[in-house]
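Asker: First the structure, then my questions, so here it is.
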Ligand code: DP6
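Residue numbers (this note's numbering): -8 to 353.
Right, dumping it as structure tokens:
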């Protein structure tokens, strides 16, 4: 595993300083989807995402010396000030897995306080923002204690690597604007172990790209992403999917570099629907699209055809839609969302988001 070799130096000798660190880290929306993994959270195909702005997690990591470390991490977790046993367990397991990378965490009591900018039950996946925020906190803790990681590429790369071990998609939330995760000959320095920034050399103005997240249903998913990934191990279309994802990535990168919005829209919609085609054709099948998801897809395509507005959709493993569009189309699209599409959203709920500058330390 990366970072384990040099980890032997990361043990505090003598007095253990206490401290705390807070990071705010956003969610991301994959345009080329990660679906299927192997080994220790390694992706079966490269994925590319836009980093969001308004949907984020804020996490504080408070660390204080432990009296008598007994092996394993000692931690507590509060979400919105309340205990959350299911999440606490996942984080405890995650931290225990990270001790070969961060041996010093066993010397400390770790208290994690977390909150999301979006409602927990909105149906918006929070693992990307939550795991990236925590990974950044751990890297900052390392830097505070050992002065090893300046706020530069090596810091981000390690944070991305550590975030990946918590949730694959989380490794892409570390960078501003856009990120690519997965080894591909198309992007220098790309890796299966961590994501790399993709915001440069792109002719589409990502700074001002918008994402209206339409909440079709806020009900938690019956099937977790982890289980869905697992189903790809025996999926009859798996090999064709990984090949298609690579081809779609090539075309998307070309479209981004040329500034070809129409092509970008076509590829992204194709990817979103391909993900659901895989879900529907899994055994047992995972049918997450709802009648209102389909209705909104039809209305968006009709709107695009009749108004010429370059708006398109993406969908993750759930029923909710991300409507993506450049800032120049914002007024018309937002009127369309509030005037027409909100009717198909649960209690009219949608989140006005957009591409953002990535995580910030508070
Ligand atoms: C459909 O990152 O949630 O959102 O690695 O098991 O935590 P784990 O899975 P996760 O999968 C995300 C899948 C997706 C597509 C994507 O974000 O690329």
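Every residue gets a Cβ at the ideal spot worked out from N, C-alpha and C, and that includes glycine.
(1) Within 8 Å: the Cβ of residue 159 and any heavy atom of the ligand NAP?
(2) In this structure, what does DSSP give as the bridge partners for residue 161?
(3) Tell me whether residue 29 is buried or exposed, calling it buried when 16 or more other Cβ atoms sit within 10 Å of its Cβ.
(4) Would you mind reading off the limits of the beta strand (DSSP E) that contains residue 369?
(5) Note down, in chain order, each residue of its chain lying with its Cβ closer than 8 Å to the Cβ of residue 118, except the 5 sequence neighbours on either side.
(6) So residue 101 packs on residue 52, CB below 8 Å; how close in whole Å?
(7) DSSP has residue 281 in a bridge; who is on the other side?
(8) Let me make sure I understand the geometry here. Which of 280, 10, 35 has the alpha-carbon closest to that of residue 230?
(9) Can you give me the start and stop residues for the alpha helix (DSSP H) that residue 40 sits inside?
(10) What's the C-alpha gap between residue -5 and residue 9?
(11) Tell me which same chain residues have a C-beta within less than 7 Å of the C-beta of residue 220, skipping the five on either side of it?
(12) Just to confirm, is the Cβ distance from residue 259 to residue 171 under 9 Å?
(13) Contact check, residue 193 vs residue 247 under 8 Å by CB: the rounded distance?
(14) Looking at residue 311: is its Cβ nearer than 9 Å to the Cβ of residue 206?
(15) Tell me which residues share the same chain as residue 146 and place their Cβ nearer than 8 Å to its Cβ, disregarding the 5 neighbours each side in the sequence.
(16) For the alpha helix (DSSP H) holding residue 326, just list the boundary residues, first then last.
(17) Taking 8 Å as the cut-off, does the region 174 to 181 touch the region 239 to 246 (at least 3 CB pairs, one atom from each stretch)?
(18) When every heavy atom of the ligand DP6 is checked, does at least one fall within less than 8 Å of the C-beta of residue 19?
(19) Three or more C-beta pairs under 8 Å: does that hold for the region 39 to 57 against the region 5 to 25?
(20) Between residue 64 and residue 48, how many whole angstroms is the CB-CB distance? I'm expecting something under 8 Å.
(21) Rounding to the nearest angstrom, what Cα-Cα distance links residue 335 and residue 196 in this structure?
(22) Near residue -2, what residues of its chain come up, given a Cβ to Cβ distance below 8 Å and the 5 sequence neighbours on each side ignored?
(23) Confirm the yes/no value for this check: CB of residue 308, any heavy atom of the ligand DP6, distance under 8 Å.
(24) Quick check on residue 348: does DSSP put it in helix, strand or coil?
(25) Using 8 Å for Cβ pairs, my map puts residue 321 next to residue 301. What's the rounded Cβ distance?
(26) Compare the Cα-Cα distances from residue 111 to each of 138, 208, 58 and report the closest residue.
(27) I'd like the list of long-range same chain contacts for residue 149, defined as Cβ closer than 7 Å, with 5 residues on each side in sequence excluded.
(28) What are the start and end residues of the beta strand (DSSP E) that includes residue 311?
(29) Under the three-state reduction of DSSP, which class applies to residue 109: helix, strand or coil?
(30) Is it true that the CB of residue 210 sits closer than 9 Å to the CB of residue 344?
(31) What do you reckon, are the CB atoms on residue 214 and residue 279 nearer than 9 Å?
(32) With distances taken from CA atoms, which of 84, 109, 96, 83 is nearest residue 55?
(33) Among 351, 349, 75, 39, which has the Cα closest to the Cα of residue 181?
(34) So, at 6 Å on beta carbons, what are the nonlocal neighbours of residue 264 in its own chain, with the 5 sequence-adjacent residues on each side left out?
(35) Examine the ligand DP6 and report whether any of its heavy atoms sits within less than 8 Å of the Cβ of residue 220.
Answerer: Checking against the coordinates, here is how it stands:
(1) This structure lacks the ligand NAP; the ligands present are the ligand DP6.
(2) In DSSP, residue 161 forms no bridge with anything.
(3) Exposed is the call here.
(4) Residue 369 lies beyond the stretch modelled for the chain, which goes from -8 to 353, so this question has no answer here.
(5) 157, 158, 160, 161, 216
(6) Confirmed, about 6 Å.
(7) Under DSSP, residue 281 shares a beta bridge with no residue.
(8) 35
(9) Residue 40 -> not in any alpha helix (DSSP H); beta strand (DSSP E) instead, spanning 38 to 56.
(10) 24 Å
(11) 26, 27, 28
(12) no
(13) 5 Å
(14) yes
(15) Here residue 146 has 130, 134, 140 as same chain residues with Cβ atoms under 8 Å from its own Cβ, once five neighbours each way along the sequence are excluded.
(16) 321 to 330
(17) yes
(18) yes
(19) yes
(20) That pair is no contact at about 20 Å.
(21) 30 Å
(22) In its chain, beyond the 5 residues on either side, 91, 92, 93, 94 have a beta carbon closer than 8 Å to the beta carbon of residue -2.
(23) yes
(24) coil
(25) Actually they are not in contact, since the Cβ atoms of residue 321 and residue 301 sit about 12 Å apart, beyond 8 Å.
(26) Of 138, 208, 58, the smallest CA-CA separation from residue 111 is found for 208.
(27) -6, 130, 140
(28) Run containing residue 311: none; DSSP gives neither H nor E here.
(29) coil
(30) The beta carbons of residue 344 and residue 210 sit no closer together than 9 Å.
(31) yes
(32) Among 84, 109, 96, 83, the Cα nearest to that of residue 55 belongs to 96.
(33) 39
(34) Cβ within range, chain order: n/a, list empty.
(35) yes
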